[in-house]
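Only one structure is covered here, and it is reproduced in the block below.
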Amino acid sequence: MLSLSRMKSLVSPTLSTLAPKTRRFSLYSQPSRNLLCNPNPLQKPNFFHVKTTMLPHNSPMICIQSHSLNTEASQSPSGEIHVIVGPMFAGKTTTLLRRIKSESSNGRSVAIIKSNKDTRYGLHSIVTHDGDKFPCWPLADLSSFRQEFGSDAYEKLDVIGIDEAQFFDDLYDFCRNAADYDGKIVIVAGLDGDYLRRRFGSVLDIIPLADSVTKLTARCEICGKRAFFTLRKTEEMQTELIGGADKYMPVCRKHYVGGQVVKEATRIASEYQKVQSG
Ligand SMILES: Nc1ncnc2c1ncn2[C@@H]1O[C@H](COP(=O)(O)OP(=O)(O)O)[C@@H](O)[C@H]1O
Ligand SMILES: Cc1cn([C@H]2C[C@H](O)[C@@H](COP(=O)(O)O)O2)c(=O)[nH]c1=O
Ligand SMILES: [Zn+2]
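Residues 1 to 278, numbered by the working numbering, are exactly what the sequence shown covers, in order.
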């Protein structure tokens, strides 16, 4: 077992400047006994890979490999996670773009990822509802980013923007690894809720990882007050439905509730008509 003092020395090492690129920790475990051999407990580990191999007689050998990248990020882990949520048309993409452009003009290396499910304005750009554009990486999942972007380029990257975060199932792991272990500043924009005001994808799951959370509001399309919710104007029921002002509108609480009542009444009326006519 890892003792508390050993754990502290791993988590908060006191000196670590000349660490080799990779170190091996071997843990030979018998069913009832664990023994950890750490060759250098003062070394600053960046992240661990744990591999378990079954030896003859059913005793597992656990190998913990600590990767210590001698990069700027590993010497002072300065990762951050900033989350921007709100309904559609609230300015999430606009805010993400503003922050990314400002980081870029301060000399930082930046990249934006968006879901490849949204092909509305062409795959390789993110575009705000006002038409502002920026090149981006359209991906099915975030875990493919490092490979698509190139490992060397990834190491040099300072800031990663993620738009339409609700569409990425691996959002939590990606953000945690990028900020905690790779020292990246991650700026995430996405819908906190879907058209039924249920949690959307993994966006809410990353709140506990975040340095900051910003909830933006739009203007209610009916009364002009602050809008917290997105009303779907069509009858379609699936959670994921790509679209803009043709399918959705931002609304305040009163007009969200009113809108849902109208939709439900319309649905019942059309069901009734179908039954009557056939
Ligand atoms: N109902 C609407 N239809 C089209 N554009 C709108 C509507 N309401 C607001 N907008 C515009 O959308 C802009 C925000 O766009 P964007 O940053 O893409 O929002 P989000 O990413 O939150 O959907 C607002 O500044 C406003 O000019
Ligand atoms: C509410 C809601 C939205 N969507 C889709 C619609 C758009 O393609 C995006 C949101 O884009 P924006 O940048 O926030 O304007 O999400 C969906 O699939 N399901 C929903 O319930
Ligand atoms: Zn309203």
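Idealized CB from N, CA, C, for every residue including glycine.
(message) Spatial neighbours of R288 within its chain, please: C-beta separation below 6 Å, excluding the five flanking residues on both sides.
(response) Residue numbering for the chain in the displayed model covers 1 to 278; residue 288 lies beyond these limits and cannot be assessed.
(request) Compare the beta carbon distance of I160 and K184 with 8 Å and say whether it is the shorter of the two. (result) Yes, the pair counts as a contact, with Cβ atoms nearer than the cut-off.
(message) Just to confirm, is the Cβ distance from I84 to V188 under 8 Å?
(response) Yes; because the gap between Cβ atoms is below 8 Å, this pair is in contact.
(message) If I follow the unbroken beta strand (DSSP E) through Y172, where does it start and stop?
(response) Taken as a continuous stretch (DSSP letters only), Y172 belongs to no beta strand (DSSP E), being part of the alpha helix (DSSP H) at 171-176.
(request) Please classify T234: is it buried, with 16 or more other beta-carbons within 10 angstroms of its beta-carbon, or exposed? (result) Answer is exposed; the Cβ neighbour count stays below 16.
(message) Let me check understanding here. Comparing Cα to Cα, which of K215, L123, D205 lies closest to L96?
(response) Ranked by Cα distance from L96, the first of K215, L123, D205 is K215.
(request) Throw me the rounded Cβ distance for the P250 and C220 pair, which I believe falls under 8 Å. (result) Correct: roughly 6 Å between the Cβ atoms.
(request) Label R232 either buried or exposed according to how many other C-beta atoms from any shown protein chain fall within 10 Å of its C-beta, with 16 as the threshold for buried. (result) Flag for R232 reads buried.
(message) Restricting to runs no shorter than 3 residues, where is the beta strand (DSSP E) found entirely within the stretch 200-269?
(response) Listed in chain order, the complete beta strand (DSSP E) runs (minimum 3 residues) inside the stretch 200-269 are 212-215, 229-232, 248-251.
(message) Rounded to the nearest angstrom, what separates D158 and P138 at their Cα positions?
(response) Approximately 19 Å between the Cα atoms of the pair.
(message) Checking 8 Å against the spacing of the C-beta atoms, do F228 and T239 come in under that value?
(response) Annotated as distal: F228 and T239, with beta-carbon spacing of 8 Å or more.
(request) Please report how far the alpha carbon of A178 lies from the alpha carbon of Q273, in whole angstroms. (result) Going from the Cα of A178 to the Cα of Q273 covers about 54 Å.
(request) Specify the secondary structure class of A189 as computed by DSSP and reduced to three states. (result) Look at A189 here: in three-state DSSP terms it is strand.
(request) Within its chain, find whatever has a CB closer than 8 Å to the CB of G122; leave out the 5 residues flanking it on each side and keep chain order. (result) Result list for G122: empty, nothing under 8 Å.
(request) Could you say which of F134, K133, E148 lies nearest to A140 if we only look at CA atoms? (result) The option with the nearest alpha carbon to A140 is E148.
(message) Taking only three categories from DSSP, how would you classify F167?
(response) Of the three classes helix, strand and coil, the one that applies to F167 here is helix, per DSSP.
(message) Can you tell me whether H124 sits near ligand 3, meaning its C-beta is under 7 Å from at least one heavy atom of the ligand?
(response) Look at H124: its beta carbon is at least 7 Å from all of the heavy atoms in ligand 3.
(message) On the criterion of 16 or more Cβ atoms from any shown chain inside 10 Å, does Q166 qualify as buried, or is it exposed?
(response) Buried is the call here.
(request) Report yes if the C-beta of H129 is less than 7 Å from at least one heavy atom of ligand 3; otherwise report no. (result) Proximity of the beta carbon of H129 to ligand 3 is not indicated: no heavy atom of the ligand is located closer than 7 Å.
(message) Mapping the DSSP letters down to three states, classify S78 as helix, strand or coil.
(response) In this structure, S78 counts as coil in the three-state DSSP scheme.
(request) Identify, in the order they occur along the chain, each residue of the same chain with its Cβ nearer than 6 Å to the Cβ of S270, setting aside the five sequence neighbours on each side. (result) Result list for S270: empty, nothing under 6 Å.
(request) Give the straight-line distance between the Cα atoms of H67 and L204, rounded to the nearest whole angstrom. (result) Bear in mind that the predicted position of H67 carries a pLDDT of just 43, short of 50, making it unreliable; the figure below should be weighed with that in mind. Whole-angstrom Cα-Cα distance: 30 Å.
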